[in-house]
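Novice: I'd like to ask you about the structure that follows.
Structure representation (structure tokens):
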């Protein structure tokens, strides 16, 4: 698992710094610092999907350019998953993921990125997990310094040799700062 994460990080780094022929974004909505406010959906996969249904939450993502077509990202949010019914009972749990990473724009609006961080459980005794999230997305400029951001990612939370993972879908409104 760690080898895959290191490989993904290396690939992202190579793509990020091989932008010699890449174009600079011309649209004002695609330049400068921005903050995105979004709604999150999590579709559990693997063993996590055997126990939990759809997760729902919200997030904030801050972006700041660090090189041509490359943004540093910082994100925080909240997502809650409800269990499938077992013996007539259900329960839910909430998590606050806090991550940092890079977002590389392959074209003016299309990006790939990866984030690392921690997922803090809001439940008593829930603990903290290592979080990682590679993904792709697109930003659609809608006004001067504003864009709609649609993204999909694979997110994993690893703790005590167990990983809970899901496909994350995010729809957000980004505005320039």
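Numbering (the numbering used here), first residue to last: 588 to 764. From the three backbone atoms N, C-alpha and C, an ideal C-beta is built for every residue, glycine too. None of the values given here were measured: they were computed from a predicted structure.
What are the partner residues of residue 715, as DSSP defines its beta bridges?
Specialist: 707
Novice: Taking C-alpha atoms, which residue in 649, 662, 699 and 638 lies nearest to residue 674?
Specialist: 638
Novice: Between which residues of its own chain and residue 624 is the CB-CB distance below 7 Å, once the five residues before and five after are set aside?
Specialist: 647, 759 and 760
Novice: State buried or exposed for residue 730, treating a residue as buried only when at least 16 other CB atoms are found within 10 Å of its CB.
Specialist: exposed
Novice: What's the gap between the Cα of residue 708 and the Cα of residue 659?
Specialist: Using only the alpha carbons, I get a separation of about 25 Å.
Novice: What is the rounded straight-line gap between the Cα of residue 620 and the Cα of residue 627?
Specialist: The alpha-carbon atoms of residue 620 and residue 627 are separated by roughly 22 Å.
Novice: Closest to residue 739 by CA distance: which of 696, 720 and 764 is it?
Specialist: 720
Novice: Which residue wins for smallest C-alpha separation from residue 747, given the options 762, 715, 757 and 725?
Specialist: Selected option, being the one with the closest Cα: 715.
Novice: Are the Cβ atoms of residue 726 and residue 617 separated by less than 8 Å?
Specialist: yes
Novice: In this structure, how does DSSP classify residue 764 when only helix, strand and coil are distinguished?
Specialist: coil
Novice: Could you tell me the alpha carbon to alpha carbon distance between residue 636 and residue 728, rounded to whole angstroms?
Specialist: 35 Å
Novice: So which of 681, 668, 650 and 685 has the shortest CA-CA distance to residue 691?
Specialist: 650
Novice: Just to confirm the assignment, what range does the beta strand (DSSP E) spanning residue 628 have?
Specialist: 621 to 632
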